[in-house]
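Participant: Can you read through this structure? Questions will come right after.
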Amino acid sequence: MTTSVEERPVKSLVPVRMDKMPWSRFHWMVIFGLGTAWILDGLEIQIVAAAGYAKDLDMNSTEVGATATVYLIGQVVGALFFGRLTDKLGRKKLFIITLAVYLLGSGIAGFAPNMWFLWIFRFVAGAGIGGEYSAINSAIDELMPGKYRGRVDLAINGTYWAGAVLGSLGSSFLLDTDRFAENIGWRIAFFIGPVLGLIIIFLRRHIPESPRWLVTHGQGEEAERIVSGIEQSVRENGKEPPHLDESQAWWIKAHEGVTFRQLRYVFLELYPTRTVLGLTLMITQSFLYNAIFFTSSLVLQNFYGKTPASAALYFFPFAIGNLLGPLILGRFFDTVGRRKMIGGSYSIAAAVLFVSSLLFQADLLSAGTHTALWCLSFFFASAGASAGYLTVSEIFPLEVRGQAISYFFSIAQIFGAVGPLIFGALIGEGTDRGPLFWGYVGASIIMLIGGLVAFKFGVDAEGKALEDIAPPLSTYDENGNQLTKLPV
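Quick note on our numbering: the sequence shown kicks off at 13 and runs consecutively.
The structure is reproduced here in structure tokens:
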């Protein structure tokens, strides 16, 4: 494997060959090997929410809630730490390392003898999952053909809800004291993710480094070997890779990373409107999801008289609606277009939520009809939210892609954490619908802002190569002039 850094720009067709590659078994391997990070995250959130460890570890309600907070803090720290390493050391190293960190943290947490031990390893598990977001989104977008990138990204991000359903089913079975002792069931639940992760890490061993990343880091020979191997698998499937003209090649000079000053320049001076777009999409969807999702059970209990057990049953249609949205609407993000679909998804979700808030205030809803409206709203919101990760990943240059995802994800998580606190206070004891009504109206407006920003500043990235959307910082023209001048 060549590791030397090129001193002069070299001409490479690797980015174009990856972008125009016909669909093959290789791409399915990438989806199954890398596209499971969100399943693990959804699984973890539901297992933590089940809180079967509370009595065993002598934890009160506040401490149980803090366990979820510790996990989310771990996600932020992991995203920031591993996101920079993803751009510096490569996608493959990090999507192996982050999964290993998660496996370690979640597995050891199952042996927790006390609360502090549990918190430490829930933090570690969260850090691994947070790192996954940067490494996985970067790798998937750089390995997928541009024609399919939108629908693949949305489908993969949407599988968070498949993991949530799996976690909920697993918890309900394992926390049943008629089947398992109180101090055993929750511990077994913590091993669901690691067992799945062991299968995933085996698949990931066969997924190569991103050839695009290799080219920009002076490892052109290795990139050529990987791309040629993928093209061979395409031929074995009875397809033929496209014949490309040398005029489509990119002049690339190895780039060993960007400084924080250069990173600031990219976000705030080179692509300021894209930064506004990415932050707005990530923050608005994070606030809406956390505000509604984490308090929906309280609404069903306090305003519709449901017991905690019966309220939990309403989670399943809610999760299925969230899962189906990206799966059904995903292909339209590649055909109708990013700007129209993201703006439309956010706006329709906001409109449905607003209508449900009016009906809620007028006391015209039952638990079932209110959940049905949530399902409809989040059918669209889920597609839009998944597209938020896609947008941040594809609108910034390759050299900062992992860091862009990590920073925007972390900022969004901070705003998202505020949502449940606000809505929990608005729900109160369930005696007055007024405060929660205005909370829903506010959430509708916030989501609508996300849609309007997408319509205004959205990037028409459908069907385009990543390099055409945001040229790598390491690209040059045929005369040896760097296309993007960075501050020293």
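For every residue, glycine included, the Cβ atom is placed at its ideal position computed from N, Cα and C.
For a test of the three-state rule: what should DSSP assign to Tyr419, helix, strand or coil?
Facilitator: For this step, residue 419 is matched to residue 407 along the sequence shown. Note: Tyr419 maps to helix in three-state DSSP.
Participant: Going by C-alpha to C-alpha distance, which of Ala112, Arg134, Asp99, Ala174 sits closest to Phe328?
Facilitator: Stepping through the sequence shown from its first residue, residue 328 is reached at position 316. Among Ala112, Arg134, Asp99, Ala174, the Cα nearest to that of Phe328 is on Ala174.
Participant: If you draw a straight line from the alpha carbon of Met13 to that of Ala321, how long is it in whole angstroms?
Facilitator: The residue given as residue 13 occupies position 1 in the sequence shown. The residue given as residue 321 occupies position 309 in the sequence shown. Because Met13 sits at a pLDDT of 41, beneath the cut-off of 50, its placement in the model cannot be relied upon, and the following sentence gives the value as read from the coordinates. Cα to Cα, Met13 sits roughly 56 angstroms from Ala321.
Participant: Just to check my reading of the structure: Thr287 and Leu280 have Cβ atoms closer than 8 angstroms, yes? What is that Cβ distance to the nearest angstrom?
Facilitator: The residue labelled residue 287 in the question sits at position 275 within the sequence shown. The residue labelled residue 280 in the question sits at position 268 within the sequence shown. Contact flag correct, Cβ pair sits at about 7 angstroms.
Participant: Quick one: residues in its chain with C-beta nearer than 6 angstroms to the C-beta of Ala147, no 5 flanking neighbours on either side, listed in chain order?
Facilitator: Position 135 of the sequence shown, counting from 1, holds the residue named residue 147. Closer than 6 angstroms at Cβ, skipping near neighbours: Thr98, Arg103, Leu106, Phe107, Thr110.
Participant: With distance defined between alpha-carbon atoms, name the residue in Leu226, Gly396, Phe372 nearest to Asn314.
Facilitator: For this step, residue 314 is matched to residue 302 along the sequence shown. Comparing Cα positions, the closest option is Phe372.
Participant: Rounded to whole angstroms, how far is the Cβ of Ser389 from the Cβ of Leu370, which I believe are closer than 8 angstroms?
Facilitator: Here residue 389 refers to the residue found at position 377 when the sequence shown is read from its first residue. Here residue 370 refers to the residue found at position 358 when the sequence shown is read from its first residue. With 8 angstroms as the limit, Ser389 and Leu370 do not qualify as a contact, their Cβ atoms being about 13 angstroms apart.
Participant: Specify, as a first and last residue, the run of the alpha helix (DSSP H) that Lys352 falls within.
Facilitator: As a position in the sequence shown, residue 352 is number 340, starting the count at 1. From DSSP, the alpha helix (DSSP H) with Lys352 extends over 350 to 373.
Participant: Determine the closest residue to Glu154 out of Phe306, Lys251, Val412, with distance taken between C-alpha atoms.
Facilitator: Taking the first residue of the sequence shown as 1, we reach residue 154 at position 142. Comparing Cα positions, the closest option is Val412.
Participant: Nearest-angstrom Cα distance between Gln425 and Leu210?
Facilitator: Locating residue 425 in the sequence shown gives position 413, where the first residue counts as 1. Locating residue 210 in the sequence shown gives position 198, where the first residue counts as 1. Approximately 27 angstroms between the Cα atoms of the pair.
Participant: Scan the segment 176 to 223 and note each continuous alpha helix (DSSP H) run of 4 residues or more that stays entirely inside, going in chain order.
Facilitator: Entirely contained in the segment 176 to 223, the alpha helix (DSSP H) runs reaching 4 residues are, in chain order, 194 to 201, 204 to 216.
Participant: Per DSSP, what kind of secondary structure is Trp262 in: helix, strand or coil?
Facilitator: In the sequence shown, the residue the question calls residue 262 occupies position 250. In this structure, Trp262 counts as strand in the three-state DSSP scheme.
Participant: What residues are listed by DSSP as bridge partners for Ser24?
Facilitator: Taking the sequence shown and counting its residues from 1, one reaches residue 24 at position 12. Answer is Trp262.
Participant: Let me know if Arg247 comes out buried or exposed under the rule of 16 or more other beta-carbons within 10 Å of its beta-carbon.
Facilitator: As a working mapping, residue 247 is identified with position 235 in the sequence shown. By the 10 Å Cβ count, Arg247 comes out exposed.
Participant: Return the CA-CA distance between Cys387 and Tyr114, expressed in angstroms with no decimal places.
Facilitator: In the sequence shown, counting from the first residue as 1, residue 387 sits at position 375. In the sequence shown, counting from the first residue as 1, residue 114 sits at position 102. So the two alpha carbons sit approximately 30 angstroms from each other.
Participant: Could you pull out every residue in the same chain whose Cβ sits closer than 6 angstroms to the Cβ of Met353, ignoring the five residues on either side in sequence?
Facilitator: Here residue 353 is taken as the residue at index 341 of the sequence shown, counted from 1. Excluding residues within five positions, the ones whose Cβ falls inside 6 angstroms are Phe344, Phe345.
Participant: Start and end of the alpha helix (DSSP H) containing Arg273?
Facilitator: The sequence position of residue 273 within the sequence shown is 261, counting from 1. Run containing Arg273: 272 to 277, per the alpha helix (DSSP H) assignment.
Participant: Nearest CA to the CA of Met127: which residue from Phe408, Leu116, Val177, Thr74?
Facilitator: Residue numbering aside, residue 127 sits at position 115 when the sequence shown is read from its first letter. Among Phe408, Leu116, Val177, Thr74, the Cα nearest to that of Met127 belongs to Thr74.
Participant: List the whole-angstrom C-beta distance separating Glu490 from Trp262, where the pair is believed to meet the contact cut-off of C-beta under 8 angstroms.
Facilitator: On the sequence shown, residue 490 is found 478 positions in, with the first residue counted as 1. On the sequence shown, residue 262 is found 250 positions in, with the first residue counted as 1. Between Trp262 and Glu490 the Cβ distance is about 10 angstroms, and since that is not below 8 angstroms, they are no contact.
Participant: How is the alpha helix (DSSP H) around Asp444 delimited, first residue to last?
Facilitator: For the purposes of this step, residue 444 is identified with residue 432 of the sequence shown, where counting begins at 1. Run containing Asp444: none; DSSP gives neither H nor E here.
Participant: Determine the burial state of Asp375: buried for a count of at least 16 other Cβ atoms within 10 Å of its Cβ, exposed for fewer.
Facilitator: As a first step, residue 375 must be located in the sequence shown, where it is residue number 363. Label assigned to Asp375: exposed.
Participant: If I'm right that Leu495 touches Ala362 with Cβ under 8 angstroms, what's the distance once you round it to whole angstroms?
Facilitator: For the purposes of this step, residue 495 is taken as residue 483 along the sequence shown, with counting starting at 1. For the purposes of this step, residue 362 is taken as residue 350 along the sequence shown, with counting starting at 1. Contact doesn't hold; Cβ gap of about 39 angstroms is too wide.
Participant: Where Phe392 and His255 are concerned, what is the direct C-alpha to C-alpha distance, given to the nearest angstrom?
Facilitator: Along the sequence shown, one-based indexing puts residue 392 at 380. Along the sequence shown, one-based indexing puts residue 255 at 243. If you take the alpha carbons of Phe392 and His255, they lie about 39 angstroms apart.
Participant: DSSP beta-bridge partners for Tyr488?
Facilitator: Indexing the sequence shown from 1 puts residue 488 at position 476. DSSP output for Tyr488 lists Trp263, Gln494 as bridge partner(s).
Participant: Can you tell me which of the three DSSP states Ser309 falls into?
Facilitator: Counting from one through the sequence shown, the residue named residue 309 turns up at place 297. Note: Ser309 maps to helix in three-state DSSP.
Participant: Skipping 5 residues on each side, what residues in its chain have a beta carbon closer than 6 angstroms to that of Leu377?
Facilitator: The count along the sequence shown starts at 1 and reaches residue 377 at position 365. Only Leu371 meet the Cβ criterion.
Participant: According to DSSP, is Ser389 part of a helix, a strand, or is it coil?
Facilitator: Your numbering for residue 389 matches position 377 in the sequence shown. Correct three-state label for Ser389: helix.
Participant: What does a CB cutoff of less than 6 angstroms around Ile152 pick up in its chain, not counting 5 residues either side in sequence?
Facilitator: Mapped onto the sequence shown, residue 152 falls at position 140. Closer than 6 angstroms at Cβ, skipping near neighbours: Leu46.
Participant: Taking Lys159 as the reference, which of Arg216, Thr285, Phe427, Arg29 has the closest Cα?
Facilitator: Here residue 159 is taken as the residue at index 147 of the sequence shown, counted from 1. Answer by Cα proximity: Arg29.
Participant: Can you give me the C-alpha to C-alpha distance between Ile481 and Val348, rounded to a whole angstrom?
Facilitator: On the sequence shown, residue 481 is found 469 positions in, with the first residue counted as 1. On the sequence shown, residue 348 is found 336 positions in, with the first residue counted as 1. Computed Cα separation, rounded: 17 angstroms.
Participant: Starting from Tyr160, follow the alpha helix (DSSP H) in both directions and report where the run begins and ends.
Facilitator: Here the question's residue 160 lines up with position 148 in the sequence shown. Per DSSP, Tyr160 belongs to no alpha helix (DSSP H) and is neither H nor E.
Participant: For the ligand FMN, any of its heavy atoms closer than 7 angstroms to the Cβ of Met459?
Facilitator: Questions concerning the ligand FMN fall outside what the structure shown contains, since it holds no ligand whatsoever.
Participant: In chain order, what residues of the same chain have a beta carbon less than 6 angstroms from the beta carbon of Gly428, not counting five sequence neighbours either side?
Facilitator: The count along the sequence shown starts at 1 and reaches residue 428 at position 416. These residues qualify, in order along the chain: Ser298, Phe299, Asn302.
Participant: I'd like to know whether the C-beta atoms of Gly122 and Gly140 end up nearer to each other than 8 angstroms.
Facilitator: By 1-based counting over the sequence shown, the position of residue 122 is 110. By 1-based counting over the sequence shown, the position of residue 140 is 128. Not closer than 8 angstroms, so no.
Participant: Could you check where the alpha helix (DSSP H) with Gln244 kicks off and where it finishes?
Facilitator: Mapped onto the sequence shown, residue 244 falls at position 232. Run containing Gln244: 232 to 248, per the alpha helix (DSSP H) assignment.
Participant: If I'm right that Leu186 touches Ile168 with Cβ under 8 angstroms, what's the distance once you round it to whole angstroms?
Facilitator: Taking the first residue of the sequence shown as 1, we reach residue 186 at position 174. Taking the first residue of the sequence shown as 1, we reach residue 168 at position 156. Contact doesn't hold; Cβ gap of about 27 angstroms is too wide.
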